[in-house]
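In the UniProt record's numbering, the protein residues as written are 1 to 1183. Glycine is no exception: its CB is placed at the ideal position from the N, C-alpha and C atoms. Shown next, in structure tokens, is the structure this report addresses.
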């Protein structure tokens, strides 16, 4: 049956002449179109396209095989229909020579045919990643050793400035990352030179391109805040608060002229310096103005945050800091050049290449002094058509290679590019979507190339397409998402065969976890929804296209997509299993966390070096030896000093049963150590499987086949390791450690078939190119990963490398101009990539799309999201830029979707309560058992009177030391202080009387005074010197070390925190932090007489244990300073008594107890006790 192509598809199939860019939306039949285009060109004699004169470049071997197979199948069918067609038969024979392959395979073919042109050994091979990792480490360490030996002052200065006192791993990692980064570019040498040139900036800030770019980036955010501030002022005036509205307009008057003129650094800095926010005067008792006040407070906080960039340093200072880092950058470039040269030489000596070598060597063969070489010219003549699939994921090296083998003139060229920039999600692999975007815009506006848009989606129901369009028309545009989601980008229905259903509206499922764990609550919500979908009484119906009817939804129809692997996915797997939902977690990770692998690694590490306590103790405790916990304690008690292995040796000398057992174990370990030295590693690992019986043991456990597959994978990895030329157990373990350090993993070996009736869990990246009847997108509220933006040293393709400025005298770090630019550019690029990742996730659904998220304080958050103005299609730009998770895009868009396009399928918003979560299987079982017990009949049993008296006497017994039972054996210092001060008059000081009202919903969560004090303590616990407190708060929030409400509280208290850091004790605190002489949040326990805090004590023993946590202990020479933070707010005091006196009196007992305990426990002398009062911004010494 012939296929009916759409007009756009037919255009893509038939178009000839000139470069062609096909923008193929998700589900648009891209692969079918490519196969049809190729097939038509190859079977048409008039086209005169020989099969050996095409180049089809794909990005996976699977895609290349599929495309080639499908073309051959069509040819074979045509030959059956026309067996005498000689042209067809010839083309079929030539298909064996057709270049339908990956880009790397194409590059490899160029190297095989032209190796001699660049002096490459013809016997070269592509090295295994493990071999390359070890070789890189060896070469890099050798490079650093040579620099250490040279005593280069620039090198030593670099190491001293940017590494820790412990090791130089940070710089080793930087050089390795910089090398890999440079290899994604066509000319690494030019990139190295560019790194240095970025530090050569004009003296005048207004003439600096970097300064101008920073102003542009900051103005984008500032202009949005200004716009909202102005809107709020008008809203105030319209609501009758004219005076307040006029005051707000006056607040931002210094920026008015900048909105319509050219903006330079000095002009913006002057405007910020001139801004003075007027004092807000709320009419007494007027509740209507409070929402306006809250919104203004939020906007003012944003202004002040932006202001810090422009006023903390002058433009001249920024440029001077930048120039001061030039010497460090030059040293870094010298190091990476040396490493690149030595690493290339090492690979040549071993006759190996890596994948980046394939591209760069091919590029070297194809160019001659920057122009196409003779080889490139021959390939240009050879290829009649060059077709590139997934063009949006091409990097700049690959783009250069493609340009060199295709015709240069775009108007008459032969390059056919297919992709969808909205699905470019491989930035971490250095994919450059800008290459696609540049042609996407230019080919539409000029006649040099042709752009064809495939917008009809043949995968999904109309409801899924409507839901996706509704979200992305509101969030994606060129400013935030790098491409406009205009009418041309909208997904349009192509599959008209679906039967109508009332169950298929896209669904947003939200749940407030309250005090429960977010991960578990979300997992249970997903499990509940899955059970509803497959419920036999009220099942979700799936359309069966072949039978043209509905069928019941099965587990195999459902996929759960996650943004990343990790504890959330693990929690989901565990919860689904507890609900007895069959699950296949295709997460290709967690190998080293598998129990059987951890035990085998403990065995191998112990054999390599038994003096490692954790591996050795783990091995003893494992099923291999089965030593009980109490026996481990006896071994350690036998010899408290030295390694655990030495303690085991001491125990083995005893004649006890445990001693005899330990002697056997140690002899076995020594035997294995001898065997390891004389055996090949794979054979030795297999021998360990046999000798220990562990392989058979894990096979008997739950998931035994998978566990045995994991152990076999370890054996195979050892074989692969030895074929690379490396030998020995120590190096193998070193390789494993390096993989773990880099966050890499062997794929966990799986033995479960993917076609079984199971719910599949996979990452969004793994799902690309796939489709599922029911798609559940999880982790909506997971915060975007900003780790790259928080690195001490940052890399960017355009702006190079950014270092912190170092004050060599004060040993202080501060951000630089280049770092500020790169951080903002990286954030823009990250948000655009995340938007594309969300698009990929949502477009996997065929029939039912469900988005799931857990939202703390959901009621208040929903009120905030509902305030989004409905009069514009796009959500406010600043809201989209500042979003920290998918939920901050999705939920406001869903809430407005029905208002913008009433004709489209509306979203189903479901807010699930904790009570709606399906109970676990074991809970259901307990309920059934309880119901059974309740059905039992009561029976009368005669009771002996003597027994009754004994029982009654036991229940009426009174313990003579009842007071001791009311006093905990472990007392906190706060409790001791309270007991000692209990009889003091509480009214000696008058404190601020606080009336607590319910927090308005629109204001969101507000912390109590005590909670706010805890947050300030947390800030001081996390703080590290040499970076501004505001930058660190952003970093802590991005890495989820603090919650959003904690981050907000810290930002509001930035002045107080900075006040401490600027104080005498704060400066000493920072100085000692740099030398690791500060001990924070130091817990202790200390025995103290109970009678000290219970005057009526009559217990049998006068002992209690005092427990406390010291905020900060600072070593100052031979003595120590005890520092305690307080956030108490004291308004009025007795006559003659200062707030500092009040705090001193209130906390003297506490700090005296701290001093007594620490001096006794640590054998130190505390020479000074200090309270820092955040509310007073004052340092208070205690005598």
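Contact annotation: residue 385 and residue 175 have beta-carbon atoms that are not nearer than 8 Å. In the DSSP annotation of this structure, the continuous segment of the beta strand (DSSP E) that includes residue 762 starts and ends at 759-763.
Pairwise C-beta distances place the stretch 619-638 in contact with the stretch 647-666, as three or more of them are shorter than 8 Å. Shown here, residue 527 sits in a helix according to DSSP, grouped into three states. For residue 260, there is no enclosing alpha helix (DSSP H), as DSSP marks it with neither H nor E. A Cβ-Cβ separation of about 5 Å places residue 1122 in contact with residue 1166 under the 8 Å criterion. In the three-state DSSP reduction, residue 1145 falls in the helix class (H, G or I). A residue is called buried once 16 or more other Cβ atoms fall within 10 Å of its Cβ, and residue 1105, having fewer, is exposed.
Taking C-alpha positions only, residue 1055 is separated from residue 301 by approximately 12 Å. Between residue 598 and the set 618, 613 and 610, the nearest pair of CA atoms involves 618.
When 801, 1022, 1009 and 919 are compared, the shortest CA-CA separation from residue 1039 is found for 1022. If you draw a 10 Å sphere on the C-beta of residue 862, you find 16 or more other C-beta atoms in it, and that means buried.
Residue 575 sits away from residue 761, with the two beta carbons spaced by 8 Å or more.
Within its own chain, the residues whose Cβ lies closer than 7 Å to the Cβ of residue 682, once the five positions on either side in sequence are excluded, are 715, 718, 719 and 722, listed in chain order. Taking C-beta separations shorter than 6 Å and ignoring five residues to either side along the sequence, the partners of residue 490 in its chain run 469, following chain order.
Per DSSP, the beta bridge partners of residue 1125 are 1172. If you keep only unbroken alpha helix (DSSP H) runs of at least 4 residues inside the stretch 368-414, you get 374-382 and 396-405.
By a beta-carbon distance limit of 8 Å, residue 613 contacts residue 644. Their separation comes to about 4 Å.
Under DSSP, the beta-bridge partners assigned to residue 584 are 760. When secondary structure is reduced to three states using DSSP, residue 107 falls in the helix class. Judged by DSSP secondary structure, residue 544 falls within the beta strand (DSSP E) whose first and last residues are 541-544. Under the three-state reduction of DSSP output, residue 1080 falls in the strand class.
Across the structure, residue 1081 and residue 1011 are spaced so that their CA atoms are roughly 17 Å apart. Rounded to whole angstroms, the separation of the alpha carbons of residue 689 and residue 712 is 10 Å. Under DSSP, the beta-bridge partners assigned to residue 1087 are 1105. Of the other Cβ atoms in all chains shown, fewer than 16 fall within 10 Å of the Cβ of residue 727; this residue is therefore exposed.
For residue 22, the enclosing beta strand (DSSP E) stretches over residues 19-24. For residue 396, the closest C-alpha among the options 521, 372 and 430 is that of 430.
For residue 796, the enclosing beta strand (DSSP E) covers residues 794-796. Note that the C-beta distance between residue 422 and residue 28 is not below 8 Å. Looking at the DSSP output, residue 454 shares a beta bridge with 24. Contact check for residue 278 against residue 251 passes: the beta carbons are separated by less than 8 Å. Residue 356 sits away from residue 393, with the two beta carbons spaced by 8 Å or more. In this structure, the alpha-carbon of residue 874 lies about 34 Å from that of residue 802. When rounded, the separation of the alpha-carbon atoms in residue 796 and residue 58 is 27 Å.
Judged by DSSP secondary structure, residue 627 falls outside any beta strand (DSSP E); it is assigned neither H nor E.
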